[in-house]
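Okay, structure first, notes after.
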Amino acid sequence: MALTRCGKCGERMSTLAAVCKKCGTAVADAPEPRAPSFLGNMTLHYLLAALLFLAGAWMYGQAYYGRGAPPSTLANVLLYGGLVWYAVARCVSWFVRR
Ligand SMILES: [Zn+2]
Numbered sequence: 000m001a002l003t004r005c006g007k008c009g010e011r012m013s014t015l016a017a018v019c020k021k022c023g024t025a026v027a028d029a030p031e032p033r034a035p036s037f038l039g040n041m042t043l044h045y046l047l048a049a050l051l052f053l054a055g056a057w058m059y060g061q062a063y064y065g066r067g068a069p070p071s072t073l074a075n076v077l078l079y080g081g082l083v084w085y086a087v088a089r090c091v092s093w094f095v096r097r
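Going by numbering that gives the first Met the number 0, the letters in the sequence shown line up with residues 0 to 97, in that order.
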């Protein structure tokens, strides 16, 4: 938990506090309480989804241009899993932010 200073009286306070303990000034830019990490960290989800998708796409490329064989089940799972994960993350973040 990070510390900041009250803009009015200079009292040290948590960045998560909505009001200063000393003078009661409301902190304008206090972050709103939100669900911790799993749903909150959307950037991580986007990154992992992109990684999955790229891994799947790479395996697709290997399959077609390397061996001439159809892509493996794993390639499909990675490619479409990445897409679905990204879509779900988009939807979740859209609902969370409203
Ligand atoms: Zn204060």
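Ideal Cβ positions, reconstructed from N, Cα and C, are used throughout, including at glycine.
In the DSSP annotation of this structure, the continuous segment of the alpha helix (DSSP H) that includes THR42 starts and ends at 41-60. In this structure, the CA atom of PHE94 is about 11 Å from the CA atom of VAL87. For ligand 1, no non-hydrogen atom lies closer than 7 Å to the CB of THR14. Secondary structure at LEU2: strand, using DSSP grouped into helix, strand and coil.
When the alpha-carbon of ALA49 is set against those of LEU82, THR3 and LEU73, the nearest one is in LEU82.
In this structure, ALA74 is the residue among THR42, ALA74 and PRO69 with its C-alpha nearest to the C-alpha of PHE52. When only Cα atoms are considered, TYR63 and THR3 end up about 56 Å apart. Summarising the contact set, residues whose Cβ lies nearer than 5 Å to any heavy atom of ligand 1 are, in chain order, CYS5, LYS7, CYS8, GLU10, CYS19, LYS21, CYS22 and THR24.
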